[in-house]
Amino acid sequence: MTATLAVEGLSVRYGAVEAVRDLSLEVRPGEIVGLIGPNGAGKSSTLHAIMGAAPVAGGDVRLDGASLVGRRSEDIARSGVALVPEGRRIFGELSVEENLRIGHAAHRGRGDRLDSAFELFPVLREFRKRSAGALSGGQQQQLAIARALVAEPDVLLLDEPSLGLAPRIVDVVFDALARIRGRGIAVLLVEQRAQRTVALADRSHVLANGELRLTLRPGDAGDTDRLVAAYMA
Amino acid sequence: MELAGPVALVLATALLGLAVSTSLQTYFLDTLVKVSIVVALYVFIGNSGVLSFGHVSFVALGVWVSGVLTVPVGEKPAIMPGLAHFLLHAQVGNVPSLLLAAAAGLVFAFVVGLPLMRLSGLAAGIATFGVLEITNNVLRYYEKIGPGLNAFSSVPQTTGIWQAAIGALICVVLAFAYQRSRFGRMLRATREDPAAASAAGISIYRQRLVAFTLSGGLAGLAGGLYVHMLPIEVDSLSLDLTFITLAMLVVGGSGSLLGAVVGALAVSGLDSFLSAAENGVDVLGWHLDLPTGTALIVVGALMAIVLVLRPSGLSGGRELSLPRRRPRAAPPAAEAAG
Amino acid sequence: MTLAILNISWQTLADALSLGGVYALMAVGIGLVFGVLRLVNFAYGQLVMAGAYALAYSSVWGWPTWAGILLCFGVVLALTLLMDRLVFRPLRTQSPAVMLVATFAVAFLLQSIAVLSFGQLGTIASSIAPLNRPWIIDGVAIRKIAIVSIAVAAVCLALLQLLLTRTSVGLHMRAAAMDFGTARILGVRANRVIGGAVLISGLLAAVVAVMLTVRNPQVTPTFGLDDTIIVLAGVVLGGLNRPIPATLGGFAIGFASGILGGALPTNQSQYLPTFLFAAVILVLLVRPNGLFTRSGGAVERA
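As given, the protein sequences belong to chains A, B and C, one line each in that order. Take 953 as the starting number for the first sequence in my numbering and just add one per residue. Take 2 as the starting number for the second sequence in my numbering and just add one per residue. Take 133 as the starting number for the third sequence in my numbering and just add one per residue.
Encoded structure:
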């Protein structure tokens, strides 16, 4: 199954503070769409709003035409949207396998897809029974992504997966993302590493102060910093 | 003025209490003493936002100190057979005993607060609950310092309406002075936004300790008044009293001094009326005879309902302010752009 | 031989183990609900009381023992569900302080209702009292209930362990207790997890009610109150956050109470609450998440 994620005129407000204003974007199956920008630009808030974990003040989020706004997080997850949260948020006291099994909670069919997760990230098979807290940062990131994939989502949201990771591990993660794209999943990638994201994604939106300012294509990758800076001025 | 409302309410209660028959006066006395206790509670809980289940131990200490020192020397061996030697002959007058009660509450609160004010939330609730249990346990069995399980029966009943009212007013005025003072404002800042307050250099720990100590002193004073009202025993200085005073604060609204006073008066009034009805009372031509325990149920239900439906209480956390004649301020600037 | 030196009889040992078992079950009941709701249910003791009254009155009405036990379970479960719907769920979004005070209020409310309905004096559950009679093993007398309690507690704890580690519901509960937000994002259903925890804690309360009533057939409105307070202390000491430390804390305190109660003369044991709560305060200051846990958890500090 595949699905298109459409964000239309989304506004997210925490009390008096508007984190996202009138944001529109679309992610189609087999696409990676990047969301880059400085800290506090509203990127995380966008992902949380899609998952029903942030207050939507206006606009809509649609999965294949059906609105997600107002639904509970767990129901959105069960509709085929998976989030890899910022900071990974794995369950440190549970084993790797148990972490993956929880990811299965949102699975819509029968069968245990753990094997496909191990195929994408072989290192996890080694640590299967170990406590997740014992893994390194990079391994935990792989676990977090694998956990989200276990549910066989149509849409995968990632919140700064490369944060705090060594360059070599970032390669592993970005390679995996390319392969995930190849499976027909729609990927929305929030990142601070602007250049790599622009290079990988089909298109990358630059967010600042809650607003979409600029859209870049892979061809712009070499010029990313200059282009972004020009729009921030 | 924030002070006018509470003061007026206390005075009104006192005047009303003077006007009724002696048999009903006990209820008014009880109400006024409860006001003192609840205001003491408010000084800490209201300003810091931290829960304390332990304040009744300061009341209890006030009861003990004031009671032991004012029981006539001749009567002491009868109700306090295990009393330590130096206490057997100690005797002070009424007012000094009240001052000593307040001092005892103050010192005890300070000592207890030194370690405990580092805690917040659930930990503070459980730790202060522990203080309550410990105090109750010690006062019960340590007969060298008081009557243990016996009631304080020979204490001169010097708490009349005026004394109770003055005591309540002292609490109200001190609470008001505190919340207007620098200390009070600093503590309130930590309640609103702890991170910003620490960043501004306010020591959360120190400010909480100040409030805790002051509230302990006020509670001790209330205890001194309490023991001179009727014979008290240690069992009534425990969970029941904790519950009811907390209920009063919750129902009235823990955010303001007015809330504390309103809550104490309203719930106490209701409780007194229902307790009287449990003994049979005539109201407007009807005879009410409620079964024992109704009062607690109603108060308990009321507290639960208020918590679920309107957690800020009757007063909504606001003080009473008289309308002032001043030019309208300009409308607030547009909300910060995201 | 060691037992003789400490002046502890086999009876005392068995009693202490059984009290430890009962308290362990109560600790789990309290700990499970805390894990998923971050709410300390002060009113847990009242659930036990309600169950005890069901047993007492079924006995007064002449019902057979098994019917009384069924009634006990029914009453406790109904009350638990009611508490959940009317109090826990509406308050889920409030601060921990408000929730604490609310359960405190509910505890008093229920106690007052009991005083109103049943009076202060107490009712006797005579039908299950036979379990209090002793078995004579090798010339040593041990009350049946002690052995039965230990067995029941062990079985319950084993079943619970299986539930938590081998089923997906159990896994979801554990995950929710660690990080509810993330669990929901992964598809864990909040209501099911909470409902499950509440249900289990209710079942445990009913089991505890039966066991405590056998030990002490006189049921009053304050039945189970002291036990709950002690168990709460034990849970805090052991560790409020995780089921295993909480259970250990409950067991330890029950066992210690049983031994000290049996071994110490009364005039020394009366200060037990003081030592107990002094220990609780110390632990809260030094290791706010309990003696048996690793650091990092839900209990806040300034």
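Think of the CB as a built atom: it goes at the ideal place given N, C-alpha and C, for glycine as much as any other residue.
The segment 65-83 of chain B and the segment 200-213 of chain B do not touch, with fewer than three beta-carbon pairs separated by less than 8 angstroms. Out of B:V251, B:L259, B:T159, B:I38, the CA that lies nearest to the CA of C:F236 is found in B:V251. Listed in chain order, the alpha helix (DSSP H) elements of length 4 or more contained wholly in the segment 245-305 of chain C are 276-298.
Note on the segment 373-397 of chain C: whole alpha helix (DSSP H) runs with a minimum of 4 residues are 375-395, in chain order. In the DSSP assignment, A:Y966 falls within the beta strand (DSSP E) that extends over 957-966.
In summary, the residues of the segment 224-238 of chain C whose CB is separated from some CB of chain B by less than 7 angstroms are Q226, P228, A229, V230, L232, V233, A234, F236, A237, V238, in the order they occur in the chain.
Under DSSP, C:Q350 shares a beta bridge with C:I256.
Taking 7 angstroms as the cut-off, the beta carbon of A:R1014 is found no closer than this to the beta carbon of A:A955. Non-local beta-carbon contacts of B:E144 in its own chain, meaning distances under 8 angstroms to residues more than five positions away in sequence, involve M81, P82, G83, L84 in chain order. Residues of the same chain with a CB within less than 8 angstroms of the CB of B:S154, apart from the 5 flanking positions on each side, are I80, P232 in chain order. In the three-state reduction of the DSSP assignment, A:H1056 falls in the helix class, which pools H, G and I. For A:A1034, no alpha helix (DSSP H) run applies; the uninterrupted beta strand (DSSP E) run containing it begins and ends at 1033-1036, by DSSP. DSSP places B:L150 in no beta strand (DSSP E); its state is neither H nor E. Comparing C-alpha distances from A:V1124 to each of A:L1141, A:R1024, A:Q1094, A:D1111 shows the shortest one belongs to A:Q1094.
Put simply, the CB of B:Y28 is far from chain C, with every gap to its CB atoms at 7 angstroms or more. Residues of chain C with a Cβ closer than 7 angstroms to the Cβ of A:E1050 are, in chain order, L303.
According to the DSSP secondary-structure assignment, A:S1047 is paired through a beta bridge with A:S1083.
Taking 7 angstroms as the CB threshold, A:F1043 lines the interface with chain C.
In the structure shown, the three-state DSSP call for B:S216 is helix.
Under the 7 angstroms criterion on CB atoms, A:I1097 is classed as non-interfacial with respect to chain C.
Against chain C, the CB of B:P292 has a partner CB under 7 angstroms away; the residue lies at that interface. Remark: C-beta atoms of B:A166 and B:V51 do not approach each other more closely than 7 angstroms. Judged by DSSP in its simplified three-state form, A:A1138 adopts strand.
For B:E76, DSSP assigns no beta-bridge partner whatsoever. Chain C places a beta carbon closer than 7 angstroms to that of A:R1030, counting this residue as a contact.
Shortest Cα-Cα distance from B:V173 to any of B:S49, B:A267, B:G131, B:S257 involves B:S257. As summarised for the segment 1097-1174 of chain A, the continuous alpha helix (DSSP H) elements at least 4 residues long and confined to that stretch are 1119-1134, 1146-1152, given in chain order.
At least one CB atom of chain A sits nearer than 7 angstroms to the CB of C:L318. Among the CB atoms of chain C, none fall inside 7 angstroms of the CB of B:I146.
Of all alpha-carbon atoms in B:I245, B:A296, B:M304, B:L107, the one lying nearest the alpha-carbon of B:N280 is that of B:A296.
Contact between the segment 163-173 of chain C and the segment 304-320 of chain C is present: three or more C-beta pairs spanning the two stretches fall below 8 angstroms. Here the segment 272-282 of chain C does not lie against the segment 87-102 of chain B, with fewer than 3 beta-carbon pairs under 8 angstroms apart.
C:D358 carries a helical assignment under DSSP once its states are collapsed to helix, strand and coil.
DSSP places A:L975 in the uninterrupted beta strand (DSSP E) bounded by 969-979. Using a Cβ-Cβ cut-off of 7 angstroms, B:N138 counts as an interface residue toward chain C, since at least one Cβ of chain C sits closer than that to its own. In its chain, beyond the 5 residues on either side, A239, L242, Q243 have a beta carbon closer than 7 angstroms to the beta carbon of C:Q178.
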